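Colleague: Here the protein sequences line up with chains A and B, keeping their order. The first sequence begins at 6 in this note's numbering and counts up one residue at a time. The second sequence begins at 200 in this note's numbering and counts up one residue at a time. Beta carbons are placed, not taken as given, at the ideal position from N, Cα and C, and that holds for glycine. These figures come from a predicted structure and were not determined experimentally.
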Amino acid sequence: MKSKSIVSINDLSREKILALLETAEKFEENPNRDILSGKVIGSLFFEPSTRTRLSFETAANRLGARVIGFSDAATSSATKGETLKDTIIMVSNYADLIVMRHRLEGAARYASEISPCPIINAGDGANQHPSQTMLDLYSIKKTQGTLENLHIHLVGDLKYGRTVHSLLHAMRHFNPTFHFIAPEELHMPEEYRMFCRQNNIPFTETTEFNEDVIASADILYMTRVQRERFSDLMEYEKVKNCYRLTNAMLADSKPNLKILHPLPRVTEIAYDVDDNPKAYYFQQAQNGLYVREALICDVLGINI
Amino acid sequence: MNDNKPALQVSALCNGTVIDHIPADKLFAVVSLLDIPQMESNVTIGYNLDSKKLGKKGLIKVADKLFSDEEINRISLVAPNVVLNIIHDYKVVEKREVHLPNEVRNLAKCGNPKCITNNEPMATHFHLVDAQKGTLKCHYCEKEVNVNDIELL
Numbered sequence: 006m007k008s009k010s011i012v013s014i015n016d017l018s019r020e021k022i023l024a025l026l027e028t029a030e031k032f033e034e035n036p037n038r039d040i041l042s043g044k045v046i047g048s049l050f051f052e053p054s055t056r057t058r059l060s061f062e063t064a065a066n067r068l069g070a071r072v073i074g075f076s077d078a079a080t081s082s083a084t085k086g087e088t089l090k091d092t093i094i095m096v097s098n099y100a101d102l103i104v105m106r107h108r109l110e111g112a113a114r115y116a117s118e119i120s121p122c123p124i125i126n127a128g129d130g131a132n133q134h135p136s137q138t139m140l141d142l143y144s145i146k147k148t149q150g151t152l153e154n155l156h157i158h159l160v161g162d163l164k165y166g167r168t169v170h171s172l173l174h175a176m177r178h179f180n181p182t183f184h185f186i187a188p189e190e191l192h193m194p195e196e197y198r199m200f201c202r203q204n205n206i207p208f209t210e211t212t213e214f215n216e217d218v219i220a221s222a223d224i225l226y227m228t229r230v231q232r233e234r235f236s237d238l239m240e241y242e243k244v245k246n247c248y249r250l251t252n253a254m255l256a257d258s259k260p261n262l263k264i265l266h267p268l269p270r271v272t273e274i275a276y277d278v279d280d281n282p283k284a285y286y287f288q289q290a291q292n293g294l295y296v297r298e299a300l301i302c303d304v305l306g307i308n309i
Numbered sequence: 200m201n202d203n204k205p206a207l208q209v210s211a212l213c214n215g216t217v218i219d220h221i222p223a224d225k226l227f228a229v230v231s232l233l234d235i236p237q238m239e240s241n242v243t244i245g246y247n248l249d250s251k252k253l254g255k256k257g258l259i260k261v262a263d264k265l266f267s268d269e270e271i272n273r274i275s276l277v278a279p280n281v282v283l284n285i286i287h288d289y290k291v292v293e294k295r296e297v298h299l300p301n302e303v304r305n306l307a308k309c310g311n312p313k314c315i316t317n318n319e320p321m322a323t324h325f326h327l328v329d330a331q332k333g334t335l336k337c338h339y340c341e342k343e344v345n346v347n348d349i350e351l352l
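#1: Are the C-beta of Leu349/B and some C-beta of chain A separated by less than 8 Å?
#2: Do you know how far the Cα of Leu248/B is from the Cα of Ile285/B?
#3: So Phe183/A packs on Leu191/A, CB below 8 Å; how close in whole Å?
#4: With a threshold of 8 Å between beta carbons, is Met6/A in contact with chain B?
#5: For Tyr339/B, name the three-state secondary structure that DSSP assigns.
#6: Ignore the nearest five residues each way along the sequence and tell me which others in Asp334/B's own chain have a CB closer than 8 Å to its CB.
#7: So, for Gly257/B: in the same chain, excluding its five sequence neighbours on each side, which residues have a beta-carbon less than 6 Å away from its beta-carbon?
#8: If we define contact as Cβ-Cβ less than 8 Å, is Pro205/B a contact residue for chain A?
#9: At the level of alpha carbons, what is the spacing between Gln208/B and Asp263/B?
#10: When you compare the CB positions of Ile103/A and Leu49/A, do they come within less than 8 Å of one another, or not?
#11: Is any heavy atom in the ligand MN found nearer than 7 Å to the beta carbon of Thr84/A?
#12: Can you have a look at Cys337/B and say buried or exposed, based on whether 16 or more other CB atoms are within 10 angstroms of its CB?
#13: With DSSP as the reference, identify every bridge partner of Phe75/A, one or two as the case may be.
#14: List, in chain order, every chain B residue whose beta-carbon is nearer than 8 Å to that of Gly130/A.
#15: Please list, in chain order, all residues of the same chain as Thr228/A whose beta carbon is under 8 Å from its beta carbon, the five residues on each side excluded.
#16: Taking the alpha carbon of Pro320/B as the reference point, which residue from Asp129/A, Ile125/A and Ala112/A has its own alpha carbon closest?
#17: Using DSSP bridges, identify the partner residues of Ile11/A.
#18: Measuring CB atoms only, is the region 295-303 of chain B touching the region 269-280 of chain B, in the sense that at least three cross pairs come out at less than 8 Å?
#19: Between the beta-carbon of Leu262/A and the beta-carbon of Ala222/A, is there less than 8 Å?
#20: For the putative contact between His134/A and Ser76/A, defined by C-beta atoms under 8 Å, what is the C-beta separation to the nearest angstrom?
#21: Near Tyr295/A, which residues of its chain fall below 6 Å by C-beta distance, leaving aside the five closest residues on each side in sequence?
#22: What in chain B is Cβ-close to Ala78/A, meaning under 8 Å?
#23: Is there a Cβ from chain B that is less than 8 Å from the Cβ of Tyr115/A?
#24: May I have the straight-line CA-CA distance separating Cys302/A from Tyr286/A, to the nearest angstrom?
#25: Interface residues of chain A around Cys337/B at Cβ under 8 Å?
#26: Using the Cβ count rule (16 or more neighbours within 10 Å means buried), how would you classify His287/B?
#27: Quick one: Cα of Arg304/B to Cα of Arg114/A, how far?
#28: Output yes or no for whether 8 Å exceeds the beta carbon distance between Ile259/B and Ile315/B.
#29: Could you check whether Glu210/A and Phe185/A sit closer than 8 Å to each other, using their CB atoms as the reference points?
#30: If distances are taken between C-alpha atoms only, which option among Phe208/A, Tyr197/A, Pro194/A and Arg198/A comes closest to Pro181/A?
#31: Compare the C-beta of Asn172/B against all C-beta atoms of chain A and say whether one is closer than 8 Å.
#32: Going by C-alpha to C-alpha distance, which of Val278/A, Tyr276/A and Glu27/A sits closest to Thr151/A?
#33: If contact means a Cβ-Cβ distance below 8 Å, which residues of the region 142-169 of chain A contact chain B?
#34: According to DSSP, simplified to helix, strand and coil, what is Cys247/A?
#35: Could you tell me the distance, in whole angstroms, from the CA atom of Val12/A to the CA atom of Ile93/A?
#36: What span of residues does the beta strand (DSSP E) with Leu265/A cover, start to end?
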C-alpha cells in the first residue's frame, strides 16, 4: 500500500532536497508544461487555506492535470462523521495523487499509509508543511546562490511557528548559523535548541530586534506575532511593535540580504519595506508554484 | 543461583517466569500489558508484598510460560526496573531486565489532543528517541513524550 508520498521535510535527504530544487528551477524557466494531461489530482482541504490551495491547484493546472476536491471540510463527508480513512480511500479511487490539508497533526502520515495513491501534505495542524519549507529553501538558494554557510535570522513567533521549526530542520544539511530573535514568551523551544547543539549548528538568541542585530543577516525570516498566543495581553501590546521591521532598519544591512515571510503579514513588516529590493516575500510566495510543480511530478514519478 | 535466599515466592514454581520488583501501583497495568487475563497457565499474582527496595511491590508468577522480548519489553512502559526470573526445575536459570522497545505499537495513547490517533479509530505508534531519558516520539504528530508521562490504552 505504501506509495511515494511527501509528508514531512524531515524525511527528505540533502540530495533529495537539492534534486527537487533543481526541478523547481526548470519549472521557473517554463511553468507551463502539459505533462500531466489525463491525470486527476485530488485537492482535499479539510481545513481552509486559500493561499496554499490556490498555489497547488495552479501548479496542477499549469501541468495540464485536472483537479477534484473540496476547500472546506464543511462541504465534505467529514461533517457526516466519515473517518479520514474512508474519505482518503474513496478519493484514491478517482485521483492519481492527493494533496491534503488537515487540522489534525499526523493526518497526512496516516493518509500516506492507507492510501493506494501518493499523498502530498499541504499542512497538518501545527506539525508539518513541507511545500512551504521547500519554497523557503528555494527562495534562499535563488537569492543567495547557495544554501551553504548562511546567517539566517528568525524573527517573531519562534515558539509556535511551524515554518521556522521546519526550516531549522531542513537547513541542518547546509551548515547555517541561526539567530533567534523573539520575545520571552515566544522564544525557540528547548527541543530545537537541543537539535542545533546535536547537529553542531551555531546559534545566538536575543529579545532585541534592531539594526545591529540584523546587520550580519543573509536571510531575515520574519513571522507574525499572533495575539492569541499570549496569556498576558499587556505583554502582547508591549512586544507587538518591537518586532516590526521598517525600511530605516535596513540601512546598514548586507547587500545580499533578503527578507522572507511565510505570509500573511500583518504589522510586522512596515509597508515602506515593500519597495526595498531586499523585500522578497511576494516572490517567495510565487516560488511556491514552481516548487509545488516539482513536488507533484516527483511523487508521480515523472522526470523533468 | 539464588540458593542462599529464603525459599520465598519463587520456590513453588517448577518451570516458568517470575516477574519481580513491580511497583505495587503498576502491578495491574503489567497484568494487563501481558494479557494475563487471557492466559490458561497457572498464574499467581502477589500484591502489596513487602520489599526492601520498593516498600510495597507486586509480583507475578506464570507457570510454564516464557515471554518473548517483545512481550516483556512492553512492561518497560510502566515499570522500567522490573526483573524477570526464568525458572527451570525450581531454579532461577536466567535473570532478564526490560528495555524500552524501539517501536511501541498500539499500547500507549498520544498525549497530543490534536494528534490524528486521538481522533480516528486507528493504532498508535511511537519510536524510541532516547532510551536513557525515556523519550518516545509519536510516529504521526511527531510530538515527543517521556515514558513517565505516557498513558496506556
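Modeller: In brief:
#1: Per the sequence shown, residue 349/B should be read as Ile rather than Leu. In terms of beta-carbon proximity, Ile349/B stays away from the interface with chain A, with every pair separated by 8 Å or more.
#2: Ile285/B and Leu248/B have their C-alpha atoms spaced approximately 20 Å apart.
#3: Taking 8 Å as the upper bound for CB-CB distance, Phe183/A and Leu191/A are not in contact here, some 16 Å apart.
#4: Confidence at Met6/A is low in this model, with a pLDDT of 37, below 50, so its placement is unreliable and the value that follows should be read with caution. Taking Cβ atoms only, chain B never reaches closer than 8 Å to Met6/A, which makes this a no.
#5: Here DSSP, grouped into helix, strand and coil, assigns Tyr339/B to coil.
#6: The sequence shown places Thr at residue 334/B, rather than the Asp named in the question. Leu327, Val328, Glu343, Val344, Asn345 and Val346, listed in sequence order.
#7: The residues are Ile221, Ala223, Leu226 and Tyr246.
#8: Any reading at Pro205/B must be qualified, since the residue scores a pLDDT of 49, below 50, and its modelled position is unreliable; no value is offered.
#9: Summary for Gln208/B: the model assigns pLDDT 45, below 50, so the residue's position carries little reliability, and this model does not support an answer.
#10: Judged by beta-carbon spacing, Leu49/A lies within the 8 Å limit of Ile103/A, meaning their Cβ atoms are closer than that value.
#11: Absence of the ligand MN is noted for the structure shown, with no ligands found whatsoever.
#12: Buried is the call here.
#13: Phe75/A is bridged by DSSP to Leu49/A.
#14: Think of a sphere of 8 Å around the beta carbon of Gly130/A: the chain B residues whose beta carbon falls inside it are Lys313 and Cys340, in chain order.
#15: Cβ within range, chain order: Leu159, Val160, Gly161, Asp162, Leu163, Gly166, Thr168, Val169, His266, Pro267 and Glu273.
#16: Per the Cα distances, Ala112/A.
#17: Ile125/A.
#18: A contact exists between the region 295-303 of chain B and the region 269-280 of chain B.
#19: Cβ distance < 8 Å, so Leu262/A and Ala222/A count as in contact.
#20: The beta-carbon distance between His134/A and Ser76/A, rounded to whole angstroms, is 17 Å. This is too long to meet the 8 Å contact definition.
#21: Apart from the 5 residues on each side of it in sequence, Tyr295/A sits with its Cβ closer than 6 Å to the Cβ of Ala29, Phe32 and Glu33 in its chain, given in chain order.
#22: Chain-order list of chain B residues neighbouring Ala78/A: empty, with the shortest C-beta distance near 12 Å, by a criterion of under 8 Å.
#23: Output row for Tyr115/A: interface = yes.
#24: Their Cα atoms are separated by approximately 25 Å.
#25: For Cys337/B, the chain A residues whose C-beta falls within less than 8 Å of its own C-beta are Gly111, listed in chain order.
#26: Exposed: under 16 other Cβ atoms inside 10 Å.
#27: Taking the straight line joining both Cα atoms gives about 15 Å.
#28: Cβ atoms of Ile259/B and Ile315/B: not closer than 8 Å.
#29: In contact: Phe185/A and Glu210/A (Cβ atoms closer than 8 Å).
#30: Minimum Cα-Cα distance from Pro181/A among the listed residues Phe208/A, Tyr197/A, Pro194/A and Arg198/A corresponds to Phe208/A.
#31: Only positions 200 to 352 of chain B appear in this structure, which leaves residue 172/B out of reach.
#32: The candidate whose alpha carbon is nearest that of Thr151/A is Glu27/A.
#33: Those residues of the region 142-169 of chain A that come within reach of chain B (Cβ to Cβ, closer than 8 Å) do not exist; the list is empty.
#34: In the structure shown, the three-state DSSP call for Cys247/A is coil.
#35: When rounded, the distance between both Cα atoms is 15 Å.
#36: Taken as a continuous stretch (DSSP letters only), the beta strand (DSSP E) holding Leu265/A covers Lys263 to Leu265.
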